[in-house]
Amino acid sequence: MASNSGFSSEVGRTLIQLSQESVSNLTLEQGSRVAVIGGGPAGSFFSFFLLKLAETIGIDLEVDILEPRQFSTFSGPAGCNHCGGIVSESLVQMLATEGINIPSTVIQRGIESYVLHMDVGDVRIETPLHEKRIAAVYRGKGPKDIQNSKWSSFDQNTLKMAEDRGAQVRRQLVSDISWESGRPTLSGPKGEIGSYDLLVVASGVNSQLQYVLEQSGCGYIAPERVKTFICEYHLGEEQVALNFGNAMHVFLLDLPHLEFAAVIPKGDYVTLCMLGDEINEELVSSFLNAPEVQACFPPDFDLYQSSCLCFPTINVGGTGQPFGDRLLVIGDSGVTRLYKDGIGAAYKTAKAAATAAVFQGISKEDFKRSFWPACRKIEIDNSIGKFVFAVNKQLQRTKVTRRTMLRMTRMEQTEGGPTQQMSTVLWDIFTGSAPYKEILLRTMKPWFLARLAWNFVMGGLFFDLKNQDTGAMDGHERLGESLPG
Amino acid sequence: MGTSDLGKAYRDKEPIVRQGEAGDCMYVIQQGEVEILQNRDGREVILASLGTGDFFGEMALFEREVRSATVRAKGEARVLTIDKRTLLRRIQEDPSLAFNLLKEMSHRIRRLDKELTEHCTEHH
Ligand SMILES: Cc1cc2nc3c(=O)[nH]c(=O)nc-3n(C[C@H](O)[C@H](O)[C@H](O)COP(=O)(O)OP(=O)(O)OC[C@H]3O[C@@H](n4cnc5c(N)ncnc54)[C@H](O)[C@@H]3O)c2cc1C
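Protein sequences appear in the order of chains R and E. Each residue of the first sequence is one higher than the last, beginning at 73 in this note's numbering. Each residue of the second sequence is one higher than the last, beginning at 12 in this note's numbering.
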């Protein structure tokens with residue numbers, strides 16, 4: 073008897089759960105109106121997938137993307153979404169599986185390796201498959217002084233994809249959000265834009281809209297942000313190929329507050345990105361004066377003469393609740409990946425949001441059940457990421473550990489074969505190709521730790537002791553001597 | 012291969028996967044064409060041709076069998092490799108990612124069905 077009643081209560085619970093899951097009091101129906109604020113990757117991917125999934129269950133939706141920026145008309149900040157422009161290895165693969173292949177007119181350069189620069193030397197790390205699976209793009213038209221470029225904007229391309237699926241792009245800035253009888257109404261500087269059944273906020277973190285949303289009383293809290301730095305240098309296609317090749321150049325320098333810096337080769341330009349907890353002009357100056365950085369550029373190149381520069385912010389904290397009744401917050405305005413693969417995180421949250429809205433419903437409960445887990449997963453991984461970056465920062469601090477990393481990576485690159493432990497860990501940290509959890513687990517394997525310890529003794533400590541006696545200088549095995557190809 | 016391309020370039024007739032080999036990835040054609048062929052009693056039988064945007068090798072994602080056919084470039088082709096691990100991890104997070112694969116696999120079964128029926132009718 074006991075087991076029988078246990079069984080029936082279990083069945084009862086499941087039925088209640090099922091009925092709650094399948095019947096939402098708020099759903100998208102034939103002709104429902106959806107507003108998407110922002111036509112960056114999050115907004116465009118969301119609209120694309122929403123329309124695609126709605127089509128599979130036979131409902132037609134009206135989707136308005138509100139985006140004032142003209143990505144392919146204006147160069148410089150007016151048409152740009154401030155970004156390093158790396159489309160990560162995992163995103164390239166996922167998009168291809170979705171049937172979305174980034175056109176070569178958008179890809180400024182296919183990236184096949186990266187070069188790690190430290191004061192103790194450089195090392196080139198090749199992709200395990202020797203294949204170009206990372207795309208370097210411009211989000212907008214390109215830097216301020218760009219002339220007839222043969223490449224086009226990444227954001228324009230994704231926006232066009234959404235448009236081709238049936239979304240309407242309205243070149244309007246949203247300046248106010250109000251909730252009337254639980255439905256969102258949007259207004260711009262010229263008056264009311266319209267009232268909608270679902271509002272999707274994808275306006276990033278470099279806009280006032282997050283504060284407008286915060287004040288609209290829906291429970292949203294704008295994420296914690298830090299300032300970063302991006303600048304563009306014009307070198308010409310040949311010079312870019314000569315100095316940087318198809319490699320992303322990553323700098324691990326012992327500069328306070330600098331988490332990570334990279335130079336990304338594009339078509340005629342290279343993009344310099346600096347991320348950290350307090351990037352300011354002084355730190356940028358110290359970075360530009362570093363010999364490791366100057367050595368990458370042609371002799372006499374003036375690193376203070378850039379084509380375009382900005383200090384955009386990046387989301388480092390997530391937000392309390394990126395959803396509500398008839399409300400979704402996706403991409404950077406909601407939850408994104410810490411420091412890396414922001415476009416990939418925008419794709420993930422956009423897809424989760426579209427799937428939830430089409431198949432589950434558009435109430436707060438629906439989103440909590442079927443959209444929030446995707447965001448939560450990224451947030452949990454970010455807390456591991458914070459730890460990974462903290463360890464990495466510690467390793468950067470002392471010369472002996474920098475030399476250990478360099479030695480281990482160089483040996484792996486020379487030996488080739490499957491034992492590319494340090495190389496793949498560094499590759500995944502700097503290219504954003506794998507979740508931080510997976511990276512951390514890989515560094516905890518006994519074989520990794522044993523090799524690290526061995527290299528620490530042989531390359532780090534032993535080298536230090538030897539050179540203390542001779543007074544020899546280290547750290548000048550530069551690119552040409554140490555790198556294949 | 013230009014600087015603005017993704018994937019790996021293959022020359023005309025260069026094999027991308029070989030029949031009988033173990034495989035743990037699938038492929039998406041970025042540019043060009045490939046042909047799928049099987050070795051039957053020492054004879055090469057061409058089964059199909061695929062073009063830009065098509066994928067192949069997807070069976071390796073779901074089974075642990077060896078490759079059932081050889082795929083080689085037909086003219087110059089550029090092909091992107093999709094890792095099994097990356098893809099399965101993502102399908103677990105977002106099962107709808109498999110829709111595209113299922114759609115294509117279902118097209119292929121339908122085509123095979125048709126060919127089989129035609130073949131049977133011809134021989135009766
Ligand atoms: C220095 C730096 C380097 C980075 N490098 C990379 C990288 O290499 N690879 C990577 O994957 N990610 C990178 N990122 C992160 C990446 O830029 C973001 O994660 C990504 O842009 C998020 O996309 P989104 O669509 O959420 O927001 P955004 O790209 O910011 O798009 C928001 C859109 O909303 C529009 N908008 C804003 N306010 C309004 C309004 N009021 N009304 C209407 N429209 C509005 C804007 O015009 C914009 O088009 C980098 C970020 C920084 C700061």
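The C-beta atom is built at its ideal place from N, Cα and C for all residues, glycine as well. Only a predicted model underlies this, so the values are computations on that prediction, with no experimental measurement involved.
What is the residue span of the alpha helix (DSSP H) that residue i lies within?
{"i": "residue 170 of chain R", "result": "161–170"}
{"i": "residue 54 of chain E", "result": "Per DSSP, residue 54 of chain E belongs to no alpha helix (DSSP H); it is in the beta strand (DSSP E), 54–61."}
{"i": "residue 117 of chain E", "result": "109–133"}
{"i": "residue 355 of chain R", "result": "353–361"}
{"i": "residue 387 of chain R", "result": "Unbroken run through residue 387 of chain R is the beta strand (DSSP E), 385–387; no alpha helix (DSSP H)."}
{"i": "residue 349 of chain R", "result": "No alpha helix (DSSP H) holds residue 349 of chain R; DSSP gives it neither H nor E."}
{"i": "residue 310 of chain R", "result": "309–315"}
{"i": "residue 148 of chain R", "result": "Looking at the DSSP string, residue 148 of chain R is not in any alpha helix (DSSP H), and its letter there is neither H nor E."}
{"i": "residue 416 of chain R", "result": "414–431"}
{"i": "residue 287 of chain R", "result": "281–287"}
{"i": "residue 463 of chain R", "result": "444–469"}
How big is the Cα-Cα spacing for residue i and residue j?
{"i": "residue 190 of chain R", "j": "residue 208 of chain R", "result": "23 Å"}
{"i": "residue 408 of chain R", "j": "residue 279 of chain R", "result": "16 Å"}
{"i": "residue 353 of chain R", "j": "residue 175 of chain R", "result": "36 Å"}
{"i": "residue 144 of chain R", "j": "residue 237 of chain R", "result": "20 Å"}
{"i": "residue 185 of chain R", "j": "residue 57 of chain E", "result": "36 Å"}
{"i": "residue 126 of chain R", "j": "residue 417 of chain R", "result": "22 Å"}
{"i": "residue 218 of chain R", "j": "residue 259 of chain R", "result": "34 Å"}
{"i": "residue 76 of chain E", "j": "residue 63 of chain E", "result": "26 Å"}
{"i": "residue 102 of chain E", "j": "residue 166 of chain R", "result": "10 Å"}
{"i": "residue 39 of chain E", "j": "residue 224 of chain R", "result": "23 Å"}
{"i": "residue 395 of chain R", "j": "residue 287 of chain R", "result": "15 Å"}
{"i": "residue 114 of chain E", "j": "residue 514 of chain R", "result": "35 Å"}
Pull up the DSSP beta-bridge partners for residue i, would you.
{"i": "residue 260 of chain R", "result": "R:263"}
{"i": "residue 40 of chain E", "result": "E:90"}
{"i": "residue 249 of chain R", "result": "R:258"}
{"i": "residue 320 of chain R", "result": "R:186"}
{"i": "residue 81 of chain E", "result": "E:48"}
{"i": "residue 108 of chain R", "result": "R:137, R:272"}
{"i": "residue 19 of chain E", "result": "E:90"}
{"i": "residue 241 of chain R", "result": "R:137"}
Check each candidate in the options and name the one with the smallest Cα separation from residue i.
{"i": "residue 343 of chain R", "options": "R:355, R:321, R:416", "result": "R:321"}
{"i": "residue 15 of chain E", "options": "R:396, R:309, R:424", "result": "R:309"}
{"i": "residue 492 of chain R", "options": "R:523, R:335, R:466", "result": "R:523"}
{"i": "residue 136 of chain E", "options": "E:90, E:64, E:101, E:72", "result": "Nothing about residue 136 of chain E can be read from this structure; chain E reaches only from 12 to 135."}
{"i": "residue 37 of chain E", "options": "E:72, E:50, E:62, E:63", "result": "E:72"}
{"i": "residue 232 of chain R", "options": "R:249, R:139, R:247", "result": "R:139"}
{"i": "residue 240 of chain R", "options": "R:170, R:326, R:116, R:149", "result": "R:116"}
{"i": "residue 478 of chain R", "options": "R:356, R:264, R:197, R:313", "result": "R:197"}
{"i": "residue 65 of chain E", "options": "E:85, E:44, E:49", "result": "E:44"}
{"i": "residue 242 of chain R", "options": "R:390, R:383, R:141", "result": "R:141"}
{"i": "residue 313 of chain R", "options": "R:329, R:338, R:390, R:330", "result": "R:338"}
{"i": "residue 104 of chain R", "options": "R:151, R:350, R:267, R:173", "result": "R:267"}
{"i": "residue 311 of chain R", "options": "R:365, R:371, R:334, R:253", "result": "R:371"}
{"i": "residue 133 of chain R", "options": "R:106, R:159, R:153", "result": "R:106"}
{"i": "residue 221 of chain R", "options": "R:178, R:432, R:486", "result": "R:178"}
{"i": "residue 472 of chain R", "options": "R:501, R:529, R:496", "result": "R:529"}
{"i": "residue 215 of chain R", "options": "R:328, R:306, R:148, R:262", "result": "R:148"}
{"i": "residue 349 of chain R", "options": "R:327, R:249, R:234, R:250", "result": "R:327"}
Mind listing the chain R neighbours of residue i? Cutoff is C-beta to C-beta under 8 Å, in chain order.
{"i": "residue 82 of chain E", "result": "Result: empty, since nearest Cβ-Cβ is about 16 Å, beyond 8 Å."}
{"i": "residue 64 of chain E", "result": "171, 173"}
Along chain E, in chain order, which residues have C-beta atoms closer than 8 Å to that of residue i?
{"i": "residue 205 of chain R", "result": "17, 18, 91, 92"}
{"i": "residue 179 of chain R", "result": "15, 16, 17"}
{"i": "residue 162 of chain R", "result": "97, 101"}
{"i": "residue 427 of chain R", "result": "105, 107"}
{"i": "residue 318 of chain R", "result": "14"}
{"i": "residue 49 of chain R", "result": "What is shown of chain R runs 73 to 557, which leaves residue 49 of chain R out entirely."}
{"i": "residue 442 of chain R", "result": "The contacting residues do not exist; residue 442 of chain R stays about 11 Å from chain E at best."}
Following the continuous beta strand (DSSP E) through residue i, name the residue where it begins and the one where it ends.
{"i": "residue 297 of chain R", "result": "297–299"}
{"i": "residue 331 of chain R", "result": "330–337"}
List the residues of chain R that residue i touches, going by C-beta distances under 9 Å, in chain order.
{"i": "residue 119 of chain E", "result": "Neighbours of residue 119 of chain E on chain R: none; closest Cβ ~15 Å, over 9 Å."}
{"i": "residue 39 of chain E", "result": "165, 168, 169, 171, 173"}
{"i": "residue 108 of chain E", "result": "166, 169, 170, 423"}
{"i": "residue 111 of chain E", "result": "169, 170, 171"}
Give me the chain E residues within the contact set of residue i, using Cβ-Cβ distance strictly less than 7 Å, ordered along the chain.
{"i": "residue 182 of chain R", "result": "14, 15, 16, 17"}
{"i": "residue 123 of chain R", "result": "Chain E residues near residue 123 of chain R: none, gap ~14 Å exceeds 7 Å."}
{"i": "residue 423 of chain R", "result": "105"}
{"i": "residue 104 of chain R", "result": "Result: empty, since nearest Cβ-Cβ is about 20 Å, beyond 7 Å."}
Name, please, each residue of chain E whose Cβ falls closer than 9 Å to the Cβ of residue i.
{"i": "residue 446 of chain R", "result": "104, 105"}
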